[in-house]
Amino acid sequence: MAGASGCKTLKRCSMNFPSPSIPSEPLSPAVRVRHLSLWYGAFQAMFDLNLEIKQGIITSLIGPSGCGKSTLLRSVDRINERLGTVRIEGTIEVLGHDIHGPDVALAPLRKQVGMVFQRPNPLPISVFDNVLFGHRLHRHPGLTVSPQEEAELVENALRTVLLWDTVKDRLHQKATAGLSLEEQQKLCIARLLPVKPAVLLKDEPCSALDPKGTAAVEELLWTLRGEYSILLVTHNMAQARRASDECLFLLMGRVMEHGETAQLFLAPTCPETADYIEGRYG
Ligand SMILES: Nc1ncnc2c1ncn2[C@@H]1O[C@H](COP(=O)(O)OP(=O)(O)OP(=O)(O)O)[C@@H](O)[C@H]1O
Ligand SMILES: [Mg+2]
Numbered sequence: 002m003a004g005a006s007g008c009k010t011l012k013r014c015s016m017n018f019p020s021p022s023i024p025s026e027p028l029s030p031a032v033r034v035r036h037l038s039l040w041y042g043a044f045q046a047m048f049d050l051n052l053e054i055k056q057g058i059i060t061s062l063i064g065p066s067g068c069g070k071s072t073l074l075r076s077v078d079r080i081n082e083r084l085g086t087v088r089i090e091g092t093i094e095v096l097g098h099d100i101h102g103p104d105v106a107l108a109p110l111r112k113q114v115g116m117v118f119q120r121p122n123p124l125p126i127s128v129f130d131n132v133l134f135g136h137r138l139h140r141h142p143g144l145t146v147s148p149q150e151e152a153e154l155v156e157n158a159l160r161t162v163l164l165w166d167t168v169k170d171r172l173h174q175k176a177t178a179g180l181s182l183e184e185q186q187k188l189c190i191a192r193l194l195p196v197k198p199a200v201l202l203k204d205e206p207c208s209a210l211d212p213k214g215t216a217a218v219e220e221l222l223w224t225l226r227g228e229y230s231i232l233l234v235t236h237n238m239a240q241a242r243r244a245s246d247e248c249l250f251l252l253m254g255r256v257m258e259h260g261e262t263a264q265l266f267l268a269p270t271c272p273e274t275a276d277y278i279e280g281r282y283g
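In the numbering used here, the protein residues as written are 2 to 283.
(1) I think Thr262 touches Ser61, with their Cβ atoms under 8 Å apart; what is that distance to the nearest whole Å?
(2) In terms of DSSP beta bridges, what is Gly1 paired with?
(3) Smallest Cα separation from Pro206: which of Asp104, Val117, Ser76, Arg88?
(4) Arg192 by DSSP, collapsed to three states: which one?
(5) Mark His141 as exposed unless 16 or more other C-beta atoms lie within 10 angstroms of its C-beta, in which case mark it buried.
(6) Quick check: Ile59 and Ala217, are their CB atoms within less than 8 Å of each other?
(7) At what residue ranges does the segment 91-119 contain a whole run of the beta strand (DSSP E), taking only runs of 3 or more?
(8) Would you check whether ligand 2 has a heavy atom nearer than 7 Å to the C-beta of Lys203?
(9) Please confirm if Leu202 has its CB atom under 8 Å from at least one CB of chain C.
(10) Taking the DSSP output, what are the residues bridged to Trp223?
(11) Among Ser38, Thr86, Ala106, His139, which one has its Cα closest to the Cα of Leu73?
(12) Is the beta carbon of Val114 sitting closer than 8 Å to the one on Leu202?
(13) On a CA-only basis, which of Gly67, Arg33, Glu247 is nearest Gln45? Give me that one, please.
(14) CB of Ser71 to nearest heavy atom of ligand 2: below 7 Å?
(15) Are the CB atoms of Leu133 and Val155 within a distance shorter than 8 Å?
(16) Inspect the beta-carbon positions of Gly260 and Glu279 and report whether they are closer than 8 Å.
(17) For a test of the three-state rule: what should DSSP assign to Gln45, helix, strand or coil?
(18) Roughly how many angstroms lie between the CA atoms of Ile54 and Ala108, to the nearest whole one?
(19) Does the Cβ of Lys213 have 16 or more other Cβ atoms within 10 Å, making it buried, or fewer, making it exposed?
(20) CA-CA distance, Asn122 and Thr224?
(21) Inspect the beta-carbon positions of Val196 and Gly135 and report whether they are closer than 8 Å.
(22) Just to confirm my understanding: we take Thr235, look at its own chain, exclude 5 residues before and 5 after, and list those with CB closer than 7 Å. What are they?
(23) By the 10 Å Cβ neighbour count, where 16 or more other Cβ atoms means buried, how is Arg160 classified, buried or exposed?
(24) DSSP state of His139, grouped into three classes?
(25) What is the DSSP secondary structure of Thr161, reduced to helix, strand or coil?
(26) Who are the near neighbours of Lys228 in its chain, counting only those whose CB is closer than 6 Å to its CB and skipping five residues on each side?
(27) Note down the Cα distance separating Ile23 from Val34, rounded to an integer number of angstroms.
(28) Alpha carbon to alpha carbon, what distance is there between Ser127 and Met257?
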């Protein structure tokens, strides 16, 4: 089994999930997982995972159904814990900060780590209020944001996700009516941006979209790359190949291989990876 690749130099953050900056020293990993095992009740879903996700790139998580892709993703923003029956061992760090540390509250963690799901889930409120929802929720109670500043936040977020021209004349219409699935998914990504997360988790964000919508969301992911560290779960090998810098192959709750996407598809080191990417199972 190949070990995880990635940055070797770590920089611990002393603050509680500060906003990402561009340090002159080597970057700490966006996500660093050490000896992570996870159980749903008595069922063990992940086994001693060790991996490092680099900052500013897109990393695809691939593997057959049930291998633990969503479980790993949901562990990084601690959504799994809502189930109550989940137990973990090991550590997960985001930007060098232990997400299970005694000083960590869920709200700042969820500010730093944004999640996009398979099916777009805009709220049944206006496009404008959707984009500001997270920002209003997470902003400091003492912080005053003027209507003009809010309008700028909305416009910037919608421009970043390439949706501004489409929705600028219907900002105050309900987001759940009149937007295509592709537009809704872009809106769900826009909703995260005013909060300035460092890491974006995307669990099969294109699986409900047609080829045109898929291409549009992939293009968007590529534009977000650099500013954001993106973990992308996909079943689509062609998508992993064209839309990610690194690829991480999971099998039955274990990391089998992690490396540069081109290299992993060209010359995988594990026979299991070769069999999977060539479609012999999964
Ligand atoms: N809430 C849960 N309770 C019990 N077992 C679960 C739960 N969620 C996932 N599992 C199990 O954990 C394992 C990993 O599931 P997970 O959903 O992470 O896989 P996945 O790789 O995302 O699969 P898929 O490609 O089908 O989405 C599977 O065996 C699954 O049945
Ligand atoms: Mg899944």
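Cβ coordinates follow ideal geometry from the N, Cα and C atoms, glycine included. In this text, all values refer to a predicted model and were calculated from it rather than measured experimentally.
So, from the data block:
(1) Yes, Thr262 and Ser61 are in contact; Cβ-Cβ is about 7 Å, under 8 Å.
(2) The requested residue 1 is not part of the displayed model; the chain covers only 2 to 283.
(3) With distances taken between Cα atoms, Pro206 lies closest to Val117.
(4) Helix.
(5) His141 comes out exposed.
(6) One thing to note: Ile59 has its Cβ no nearer than 8 Å to the Cβ of Ala217.
(7) Correct list: 114-117.
(8) Flag unset: Cβ of Lys203 not near ligand 2.
(9) In summary, chain C is missing from the structure at hand, where a single protein chain is found.
(10) In the DSSP output, where bridge partners are listed per residue, Trp223 has none listed.
(11) The shortest C-alpha separation from Leu73 is found at Ser38.
(12) Contact flag set, yes.
(13) Distance from the Cα of Gln45 is smallest, within the candidate group Gly67, Arg33, Glu247, for Gly67.
(14) Ser71 Cβ: within cutoff of ligand 2.
(15) For Val155 and Leu133, yes; Cβs fall inside 8 Å.
(16) Not a contact, by the Cβ cut-off of 8 Å.
(17) Looking at Gln45 - three-state DSSP - the assignment turns out to be strand.
(18) Approximately 22 Å, taken between the alpha carbons.
(19) Classified as exposed, Lys213 has fewer than 16 neighbouring CB atoms from the shown chains inside 10 Å of its CB.
(20) Spanning the two alpha carbons is a distance of roughly 22 Å.
(21) For Val196 and Gly135, yes; Cβs fall inside 8 Å.
(22) Taking Thr235 as the centre and dropping the five residues before and after it, the same chain places the C-beta of Ser61, Ile63, Glu205, Ala241 closer than 7 Å to its C-beta, in chain order.
(23) So Arg160 counts as exposed.
(24) In the three-state reduction of the DSSP assignment, His139 falls in the helix class, which pools H, G and I.
(25) Residue state, collapsed to three classes: helix.
(26) In the sequence under discussion, the amino acid at residue 228 is Glu, which differs from the Lys named in the question. Taking C-beta separations shorter than 6 Å and ignoring five residues to either side along the sequence, Glu228 has no partners in its chain.
(27) Only weak support is given to the placement of Ile23: the predicted model assigns it a pLDDT of 46, under 50, and the value that follows is read from those uncertain coordinates. If you draw a straight line from the Cα of Ile23 to the Cα of Val34, it comes to about 22 Å.
(28) Whole-angstrom Cα-Cα distance: 44 Å.
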